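See below for the structure under consideration.
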Amino acid sequence: MKRAPDTRVRALPSASPNEVRPDGTHVLYWMVGFRRPRWNFALQHAAAYAARLGKPLVVLEALRVGYPWASDRLHQFVLDGMRANKAYFRETAATYVPYVEPEEGHGRGLLAALAESACVVVTDDYPTFFIPRMQEKAAASIDARFELVDSNGLLPLRATDRVFARAFDFRRFLQRNLLEHLGEFPIEDPLKGLSLPCPTDDLLSKHTGQWRPASDAVLRGDAINSLPIDHDVGRVDFQGGYVAGEATARSFLDTRIDRYATERSHPDANAASGLSPWLHFGHVSAHQVFHELTLNEGWDPEQVSSKRGGQREGWWGMSQSAEAFLDELITWREVGYNMSTHRNDYDQYESLPGWAQQTLAAHENDPRPHVYTLDQFAQSETHDPIWNAAQRELVTTGRMQNYLRMLWGKKILEWSPTPRDALATMIELNNKYAVDGRDPNSYSGIFWVLGRYDRAWGPERPIFGKIRYMSSDNTKRKLRMRDYLGRFDAQATLF
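Taking my numbering, the leading residue of the sequence shown gets 299, the next gets one more, and so forth.
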């Protein structure tokens, strides 16, 4: 069993990491960001430790209630994944411990208890939301060696030591450096055929006695109404978990990708991948999606162009739609991971490029033709039917069509008292309602509205200054969206 590549592993605290304890009772994998049993470097790394040491492998997947924007929508999606994981791990040599916190603070101490006699603790290196702070705090209170493993994307998070200001520059870096990492893929099924000892009943009862593992009923969501979370943001009509995520990927690659390059921006076309919710929660792996795409394309690395100039098309030597999709899956997705890995203020206004802050400040006091409150935005109470439809889609389905998400943000900028107010509104609405919110990629999209990864545009306009402008009228002329507007008209039910 191979460990994860060294480029994807780091220890906390980094100054004086503890050594692995060969006399411990088990290896502990704390699953927090990559909530899947397949194509997962972190699970593979933990399994390699267990195999080498001849110890049981315990997998802890916990769901707390006190995280920001906790709701029925987000909770159920995670519970779906935990239910799928429980079924998978039941057939393996690993011992799975699913824990769902019934009230805020109840789970405090569970990780420390499970780590008390562990040889080593392995967890997921995910750079956004509350996870990094939670892990740093946990590592400081645990005596065992504490390793973070990166299974986020095709490029390791720390393969570069700088932030890229433009997607073009990041794409050029990828074209010069990514191929060397394509030989380091996670094992598809790291627990398949693996023989490990089982933990003793005493070990599990001793460490989980006051934290009862979640029952099948809890994982179905039967008790969700009793939890102290936001019940006004309802569940979505698609299921979380690795099984559903992999099925979504296969459906896209089998039936829609041929139309991706030419039709993905049209709301009526349904040509987008729809993978972002499962990618966000780590239910599906970018490595797996890339692998299956290359099989569909009959691709070989020898087809890669020798040019390394940052061109958007033609570098991979694949079809137009495959290359367009990879630009989204790798370039645009992972440039957000680059930012959030190297800057703690990735979600702060001050992280915007200097030119963007300067032009927005110069136009901050420009008269606004319309100004709406957060509640008016949330309730789709603007004068613009296209914007209202996009917001209704977000509220009712947990998703938003990819092109309209850009327009959605631009109009919030135009109709907010200040750019800072616009940023706060976008973050609140996106993180509250979008299943794929609270993610490096979603922060990239929000901040792109305000100039991140973009350049100054002319002519200079009121409110926007040199920030790229978008209009609903032009959007309606460009896109096929009659059916979309019909689905999300004013009669749509809001929660």
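By construction, the Cβ of each residue, glycine as well, lies at the ideal position given by its N, Cα and C atoms.
As the structure is a computational prediction, the values presented were derived from the model and not from experiment.
Straight-line Cα distance separating residue j from residue i
i, j, result
"L241", "R301", "As shown, the chain starts at 299 and ends at 793. That puts residue 241 outside it, with no answer to give."
"N293", "S603", "No answer is possible for residue 293: it lies beyond the span of the chain, which begins at 299 and ends at 793."
"M380", "Q655", "42 Å"
"E434", "V307", "15 Å"
"L577", "L358", "20 Å"
"A465", "W613", "15 Å"
"M724", "G407", "35 Å"
"T305", "L452", "12 Å"
"A382", "L489", "15 Å"
"S619", "R333", "29 Å"
"R750", "I744", "9 Å"
"Q586", "N636", "21 Å"
"E561", "L692", "21 Å"
"G634", "D625", "13 Å"
"R319", "L494", "17 Å"
"L792", "Y731", "Reliability of the predicted coordinates at L792 is poor, the pLDDT of 42 falling under 50, and no value is obtained from them."
"H681", "H668", "9 Å"
"M779", "G756", "28 Å"
"L409", "L355", "15 Å"
"H581", "T458", "26 Å"
"L627", "D321", "42 Å"
"P251", "F471", "Examination of residue 251 is not possible in this model, given that the chain is present from 299 through 793 alone."
"A790", "Y670", "Legend: pLDDT at A790 = 44, less than 50; position of this residue unreliable, no value from coordinates given."
"L834", "N523", "Only positions 299 to 793 of the chain appear in the structure, and residue 834 is not among them; the question remains open."
"E662", "D752", "19 Å"
"H324", "A521", "31 Å"
"I684", "A754", "26 Å"
"E399", "P511", "10 Å"
"A340", "D448", "7 Å"
Identity of the residue in the options nearest residue i by Cα
i, options, result
"F623", "A547, A654, G652", "A547"
"L361", "E595, I555, R350, W509", "W509"
"A348", "N316, A392, A722, R388", "A392"
"P526", "R533, L517, E401, V461", "E401"
"L593", "S617, L721, V541, H581", "S617"
"N338", "F428, S740, D423, S649", "D423"
"H529", "V420, H404, W367", "W367"
"G538", "A512, D552, F579, E478", "F579"
"W746", "S369, E611, D645", "D645"
"S583", "V376, N450, S312", "N450"
"R641", "L310, F462, A542, L341", "F462"
"I440", "L326, T553, G403, G364", "L326"
"V807", "S312, N772, R336, D787", "In the structure as shown, the chain begins at 299 and stops at 793. Residue 807 is therefore absent and cannot be evaluated."
"K776", "G735, F428, P565", "P565"
Residue i - DSSP class collapsed to helix/strand/coil
i, result
"G637", "A small correction: the amino acid at residue 637 is Met; Gly does not occupy that position in the sequence shown. In the structure shown, M637 sits in a helix (DSSP, three-state: H, G or I)."
"H578", "helix"
"E726", "helix"
"I429", "helix"
"T305", "helix"
"T393", "strand"
"A416", "strand"
"A567", "coil"
"R346", "Correcting the residue identity first, residue 346 is Ala in this sequence and not Arg. Note: A346 maps to helix in three-state DSSP."
"R464", "strand"
"A790", "For A790, the pLDDT reaches just 44, beneath the cut-off of 50, and the residue's location in the model is therefore unreliable, leaving the point undetermined."
"V669", "coil"
"E359", "strand"
"L310", "strand"
"V398", "strand"
"Y644", "coil"
"D737", "coil"
"G707", "helix"
"V693", "helix"
"K776", "helix"
"Q374", "helix"
"R631", "helix"
"N663", "coil"
"N700", "helix"
"Q601", "helix"
"F471", "helix"
"G379", "helix"
"A732", "coil"
"H681", "coil"
Per DSSP, the bridge partner or partners of residue i
i, result
"G784", "For G784, which the question treats as bridged, DSSP gives no partner whatsoever."
"G763", "R759"
"S369", "D528"
"T421", "W328, L446"
"Y751", "R464"
Validate contact between the segment 758 to 777 and the segment 704 to 724 using beta carbons, cut 8 Å, 3 pairs: yes
Specify whether the segment 409 to 424 and the segment 563 to 571 touch according to this definition: at least 3 beta carbon pairs, one from each stretch, less than 8 Å apart. no
I'd like to know if the segment 710 to 720 and the segment 658 to 675 are in contact, where contact means that at least 3 CB-CB pairs between them fall below 8 Å. yes
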